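**Q**
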Amino acid sequence: MLHTWGQTLGPHPHLHILVTGGGLHRNPDGSHRWIGPKQCRYLFAVKLLGREFRTRFLKGLQERLPDLTLDGALAPLREPAIRAQWMKKLWGRPWVVFAKGSVAGPEAILQYLGRYTHRVAIANARIRRVDEQGVAFTYKDYRDRNRIKEMTLGGVEFVRRLSLHVLPQGFTKIRHYGLLGNNRRTQILPVAREALERSRRHHLERTPPPPVTEEPECPHCGQTELVCVGRLDPLGKFTPLDRGARRLRIRTGDPPLCRGASP
Numbered sequence: 198m199l200h201t202w203g204q205t206l207g208p209h210p211h212l213h214i215l216v217t218g219g220g221l222h223r224n225p226d227g228s229h230r231w232i233g234p235k236q237c238r239y240l241f242a243v244k245l246l247g248r249e250f251r252t253r254f255l256k257g258l259q260e261r262l263p264d265l266t267l268d269g270a271l272a273p274l275r276e277p278a279i280r281a282q283w284m285k286k287l288w289g290r291p292w293v294v295f296a297k298g299s300v301a302g303p304e305a306i307l308q309y310l311g312r313y314t315h316r317v318a319i320a321n322a323r324i325r326r327v328d329e330q331g332v333a334f335t336y337k338d339y340r341d342r343n344r345i346k347e348m349t350l351g352g353v354e355f356v357r358r359l360s361l362h363v364l365p366q367g368f369t370k371i372r373h374y375g376l377l378g379n380n381r382r383t384q385i386l387p388v389a390r391e392a393l394e395r396s397r398r399h400h401l402e403r404t405p406p407p408p409v410t411e412e413p414e415c416p417h418c419g420q421t422e423l424v425c426v427g428r429l430d431p432l433g434k435f436t437p438l439d440r441g442a443r444r445l446r447i448r449t450g451d452p453p454l455c456r457g458a459s460p
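Following this line, the structure appears as structure tokens:
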């Protein structure tokens, strides 16, 4: 899914992509099986993924760069020698891929992305006032602890920024590939679900049951249901949980601080 705007309506093109944790393999006998990662902590190695993304992106940029209109600060790149030197610097710089699991689970991710399927660059609720001074709206400043601030733009500038995110006619905002492709979804998706279920049952049959361990007890109150209020690192530094954080049931090997105990 293509997302082109930031909080202040500036150009910030990026993609939200949902990727299956594995793929469907067709066996020689015509049957199908699901092949997932060899371990369950991640799908791809982050550093390798960063190098692969850099390679594919820069190769595509290098092919298209001669055909692009380079004006303003990019005008020097019209010269082949300067362009080659610039590309060499990009190839030598490590690319970082941010990969982080969802604390709230896959349902929260789908809900988050679902809000952007038919959303425009700014919601009416963020617009505070419109007058002769311009348009005032709120935005979240991610560089300042996600604080909500207010910005005022002149009418012409506000319309200019908003128009940056109107996609050209025929440009598709949401695309489906692979198992969810429009030309194969109804046939392949049930087969994939069946193969995934067989793979899950096979994994459960081969996985030994977890060992039975005694519930940890708080040394102060003797209770087994502990409420985590913070954590101590190996050096003894106490880090409290954020206000409103979810209560966690603490397992053995992840010692908490009992409520009321001094850090």
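According to the numbering used here, the sequence shown holds residues 198 to 460 in order.
Ideal Cβ placement from N, Cα and C applies to all residues, glycine included.
Predicted model, so just to flag it, every value in this text is computed and none were measured.
(1) How far does the beta strand (DSSP E) with threonine 149 in it extend, from its first residue to its last?
(2) Check threonine 383 in the structure and name its three-state DSSP category.
(3) Let me know the alpha helix (DSSP H) ranges lying completely inside the stretch 201-227, each 4 residues or longer, listed in chain order.
(4) Out of Asp338, Gly203 and Leu199, state which residue places its alpha-carbon closest to the alpha-carbon of arginine 358.
(5) Hey, leucine 262 and leucine 245: beta-carbon distance below 9 angstroms or not?
(6) Would you call leucine 212 buried or exposed, if buried means 16 or more other Cβ atoms sit within 10 Å of its Cβ?
(7) Across which residues does DSSP place valine 327 in a beta bridge pair?
(8) Based on Cα-Cα distance, which residue from Arg428, Thr335, Tyr239 and Leu429 lies nearest to phenylalanine 295?
(9) Would you call the CB atoms of threonine 314 and glycine 331 closer than 9 angstroms?
(10) Between the stretch 270-290 and the stretch 220-236, do three or more beta carbon pairs fall short of 8 angstroms?
(11) Helix, strand or coil: how does DSSP classify glycine 139 here?
(12) For isoleucine 319, does the count of other Cβ atoms within 10 angstroms reach 16, so buried, or fall short, so exposed?
(13) Measuring straight from C-alpha to C-alpha, what distance separates valine 426 and phenylalanine 435?
(14) Taking proline 210 as the reference, which of Lys370, Thr335, Ile345 and Leu265 has the closest Cα?
(15) On a CA-only basis, which of Met284, Arg382, Leu376 and Val424 is nearest threonine 217? Give me that one, please.
(16) For the beta strand (DSSP E) that contains lysine 256, what are its first and last residues?
(17) What are the start and end residues of the beta strand (DSSP E) that includes arginine 230?
(18) Quick one, are the C-beta atoms of leucine 215 and valine 388 less than 9 angstroms apart?
(19) Nearest to glutamate 249 by CA position, among Phe368, Leu393 and Trp292, is which residue?
(20) Output the boundary residues of the alpha helix (DSSP H) element that contains leucine 429.
(21) Check isoleucine 306 in the structure and name its three-state DSSP category.
(22) Whose CA, out of Trp231, Gln308, Gly207 and Gly219, lies closest to the CA of serine 396?
(23) Who are the Cβ neighbours of tryptophan 283 in its own chain at under 7 angstroms, not counting the five residues just before and after it?
(24) What number of angstroms, rounded off, separates the C-alpha of phenylalanine 368 from the C-alpha of proline 208?
(25) Suppose the cutoff is 6 angstroms on Cβ atoms and the five residues either side in sequence are ignored; what does the same chain contact list for aspartate 338 look like?
(26) Does arginine 290 come out as helix, strand or coil in the three-state DSSP assignment?
**A** The answer reads as follows:
(1) The question about residue 149 has no answer here: the residues shown for the chain are numbered 198 through 460.
(2) helix
(3) none
(4) Gly203
(5) no
(6) exposed
(7) Val332
(8) Tyr239
(9) no
(10) no
(11) Here the chain comprises residues numbered 198 to 460, so residue 139 is not present and cannot be evaluated.
(12) buried
(13) 10 angstroms
(14) Lys370
(15) Leu376
(16) Careful: lysine 256 lies outside any beta strand (DSSP E), inside the alpha helix (DSSP H) at 243-261.
(17) 229-232
(18) no
(19) Trp292
(20) Unbroken run through leucine 429 is the beta strand (DSSP E), 427-429; no alpha helix (DSSP H).
(21) helix
(22) Trp231
(23) Leu274
(24) 17 angstroms
(25) Arg344 and Lys346
(26) coil
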